[in-house]
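All remarks here apply to the structure that follows.
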Amino acid sequence: MPLALVTGITGQDGSYLAELLLAKGYEVHGVIRRASTFNTERIDHVYQDPHEPDVRLHLHYGDLTDGSQLARLVRTIEPDEIYNLAAQSHVGVSFQQPEYTGNVDALGTIRLLEAIREAGVDTRFYQAATSEMFGDAPAPQSEDSPFRPRSPYAAAKLYAYWATANYREAYDLFAVSGILFNHEGERRGKTFVTRKITHGVARIVAGLDDALYLGNLDAVRDWGHAQDYVRAMWMMLQADAPVDYVIGTGETHTVREFCDAAFSHVGLDWRDWVRIDPAYYRPTEVDFLQADATRARRDLGWKPEIGFDEMVHRMVVHDLDAEAGLDLERAREQATRLRPSAPPRPTP
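Just add 819 to wherever you are in the sequence shown, counting from 1, and you've got this note's numbering.
This is the structure we're talking about:
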């Protein structure tokens, strides 16, 4: 039975990855941070009581800022595969907490790589890199594109990317980075723009809000579903040689188009409900990200299976049920009785 250690297991990607690995017969060890409230809702459906027989999911307290605990876990578990998904992953927040972001996203990766090196464990290491590292590099972006980070988050992730490459070359580790473009889903955090939009749709239909406040509607992103992307992570660690890959759909949409798609599901015109708040603009914006995932398609045989429209549909349906207890048909009926709030429409 292969053993995997997953940091960030309680996040969107971590929960989907845990499902995938358990389905493939792995024993999965997840690292979670101590909190005064339960923060495991994304993996509650796969949680197993440690007193049950043949338990294959184990949770351990830890943090990427605690190198000694990371080293103990690596030595004790001796995992065959390590997936480093934990991070301060919100670009906007990274401008407010740049030091913390660097400590977790950059130095946290070094701590984990050092734990592997010092323990001498024969393992394969996956580092969650990001398309944000490309910044304003010309699109489409591939593995050969220049990196031009435009946020503390992107800069910290770029440090981790090069650290992973260095440990691969210096210590002959099987260590790879997946340069993943934006990937979303029903488990995305509600502070991220896509989930903020679908969650906002649900609250407006439920009569709980009369507007949704956003920032830059012109940002162009390559959006896919997280389930497809965690499959790519696993495929990278099954390859014969450690190679970094760009993962994305190659299809782009603006935030404005995402709004249109989400509100259209319930028969509303997004322009009646979306308001612009300058507070959500970032000091430096990334305008256009589009993946060229040719290498991953050729070498790994990976391709996305969930399209943009289906992804948006899943997210809207999920949030309507979770927030308002409505199915799509009832939500559309209820939406016909709504009246837009007073402020004028933003410029299309």
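Don't be surprised by glycine CBs; every beta carbon is placed ideally from N, CA and C. In this text the structure is predicted, and so the values were computed from the model without any measurement.
I'd like to know whether the C-beta atoms of residue i and residue j end up nearer to each other than 8 Å.
i	j	result
Leu999	Thr920	no
Ile851	Thr884	no
Val1020	Val1085	yes
Val995	Asp1063	yes
Arg930	Leu878	no
Asp955	Arg967	yes
Ala1030	Trp1092	yes
Asp832	Ala1115	no
Gly1004	Tyr945	no
Glu1142	Arg1022	yes
Pro959	Asp1111	yes
Val940	Glu871	no
Tyr845	Pro821	yes
Thr1113	Ser961	yes
Measuring straight from C-alpha to C-alpha, what distance separates residue i and residue j?
i	j	result
Leu932	Tyr986	7 Å
Ala1060	Cys1078	41 Å
Ser887	Val893	10 Å
Leu1147	Asp1138	10 Å
Val1131	Ala938	44 Å
Lys843	Asp873	15 Å
Arg861	Arg1151	28 Å
Gly1126	Arg1133	11 Å
Trp1089	Ile1016	10 Å
Ser964	Arg1156	50 Å
Gly911	Tyr1032	15 Å
Ala934	Ala984	16 Å
Arg891	Arg1158	58 Å
Phe1082	Thr895	49 Å
His864	Tyr880	19 Å
His909	Ala973	10 Å
Leu876	Arg1149	38 Å
Ala854	Ser834	18 Å
Glu988	Ile1066	22 Å
I think residue i touches residue j, with their Cβ atoms under 8 Å apart; what is that distance to the nearest whole Å?
i	j	result
Asp1041	Gln1109	5 Å
Ser970	Thr1103	7 Å
Gly1043	Thr1013	The pair is not a contact, with the Cβ atoms about 11 Å apart (cut-off 8 Å).
Val1024	Gln1153	6 Å
Asp1128	Ala1098	The Cβ separation is near 31 Å, so there is no contact.
Lys1009	His1002	At roughly 16 Å, the Cβ-Cβ gap does not stay under 8 Å, so Lys1009 and His1002 are not in contact.
Gly793	Asp1096	The displayed coordinates of the chain run from 820 to 1167. Any statement about residue 793 would go beyond what the structure contains.
Spatial neighbours of residue i within its chain, please: C-beta separation below 7 Å, excluding the five flanking residues on both sides.
i	result
Lys976	Asp924, Ala948, Thr949, Glu951 and Met952
Phe914	Ser970, Pro971, Arg1101 and Pro1102
Lys1122	Arg1116
Ala906	Gly827, Val923, Asp924 and Ala947
Tyr978	Ala925
Within the same chain, show all residues whose beta-carbon is closer than 8 Å to that of residue i, passing over the 5 residues directly before and after it, in chain order.
i	result
Asp1037	Thr1073, Val1074, Arg1075 and Asp1106
Leu1119	Ala1051, Met1054, Met1055, Ala1058 and Tyr1064
Arg936	Tyr986, Tyr990 and Leu992
Leu836	Val825, Ile828, Tyr902, Leu904, Val1049, Met1052 and Trp1053
Thr859	Thr829, Ile851, Tyr866 and Leu878
Glu838	Val865
Phe1011	His909 and Glu1003
For residue i, which residues in the same chain have their Cβ closer than 6 Å to its Cβ, ignoring the five residues on either side in sequence?
i	result
Leu840	Ala823 and Val847
Pro917	Pro971
Glu1124	Asp1047
Asp882	Arg852
Leu1145	Leu1139
Gly927	Leu883
Leu1087	Ala1154
Gly849	Val825, Ile828 and Leu878
Val1039	Thr1071, Thr1073 and Phe1107
Cβ of residue i less than 8 Å from any chain D Cβ?
i	result
Asp899	The chain labelled as chain D is not found in the depicted structure, where only one protein chain is given.
Q.
Under 8 Å: do the region 825 to 839 and the region 899 to 908 share three or more Cβ pairs, one atom per stretch?
A. yes
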